[in-house]
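These notes concern the structure reproduced below.
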Amino acid sequence: MVQSVNLKALSTLASVVRRPYLAAPHVFLPTVSDMSYEALRDHCGIKAVIFDKDNTLTAPYENSLHPRAKFGLQSALDTFGTANVAILSNSAGTDDDPGFVDGKEIEEALGIAVIQHSEKKPGGLDEVMQHFPNVDDASELCMVGDRLLTDIVFGNLHGMLTVHVLPLCSGEENKKDNKVANVVRKVENKIMYADWWGGKKIRSYTLGHSVWKGEDDCPLVLANKNEPLLGDLEEKK
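If you use our numbering, the sequence shown corresponds to residues 33 to 269, in order.
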């Protein structure tokens, strides 16, 4: 599947330039398997979890669950139930997926719903809210993805709890990744996480969440994981 130009992201770019903290996530983790979903449910007021697909749950444009994401997705399903876990992708389920062919294959392969939406992230809120009838406010949603300018900006614009993860794949495993997205992702991550005053300032203005007050108050990071965080960014060039 070939992704069309993300006009919504381009139109939102001006807002991010003015307010770069829109791209700052609440939580940053190596993978979806490094988060406590029980803490999300029990202490953060979260009723449903939205995952990006490519490089978050699967290799780019593959429909099988990546081994490093298996524990995390199963934990989310065990905690929230199948009806409250879904994928919001900028490929499957969009107008780039005629007849919802790819979306159906993903649903069958992963066992969770793919939300159909006409506007790409950071658009698509209406379809998301319609998909989760038990969610009264967007602050009760957690958005998890590997892209700052789409996944994280989408969540922050609407008051969700946002979780940024590193891309699952690199090197040969990442050969199918969208070339533009791959370059932009690297730039996003370097601006946000590199050891320079601008990145530190952006992160210091991270938007607050209505319930979650921070990692010290309510830890969401699983303590038994040994994968590096910021150091991984330099390795995944």
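Positions of the beta carbon are idealized from the N, C-alpha and C atoms, including for glycine.
This structure is a prediction, so every number in the text was calculated from the model and none was measured.
Nearest candidate by alpha-carbon position, reference residue i, set the options
i, options, result
"D248", "R51, R50, V59 and S47", "V59"
"A56", "T114, D178, Q148 and M161", "D178"
"V185", "G155, K211, E159 and R100", "G155"
"K153", "N214, I119, N221 and E140", "I119"
"I78", "N116, E151 and T90", "N116"
"G131", "G113, T114 and S150", "S150"
"K245", "F164, Q162, L193 and G231", "L193"
"E94", "R235, S68 and L142", "L142"
Integer-rounded CB distance, given that residue j should sit under 8 Å from residue i
i, j, result
"P251", "A108", "That pair is no contact at about 17 Å."
"L97", "V195", "Contact flag wrong, Cβ pair sits at about 18 Å."
"N87", "D209", "7 Å"
Helix, strand or coil at residue i [DSSP, three-state]
i, result
"I144", "coil"
"V243", "coil"
"F60", "strand"
Residues that residue i bridges to, as DSSP identifies them
i, result
"C250", "Answer by DSSP bridge pairing: none, since C250 is not bridged."
"A118", "I82 and A145"
"C174", "V81 and L193"
"M67", "V253"
"T90", "D86 and L97"
Exposed unless 16 or more other CB atoms sit within 10 angstroms - verdict on residue i
i, result
"D183", "buried"
"N188", "buried"
"E259", "With a pLDDT of only 46 at E259, under 50, the local geometry of the prediction cannot be trusted, and no value is derived from it."
"G271", "What the structure shows of the chain is the stretch from 33 to 269, and residue 271 is not part of that stretch, so it cannot be assessed."
"G113", "exposed"
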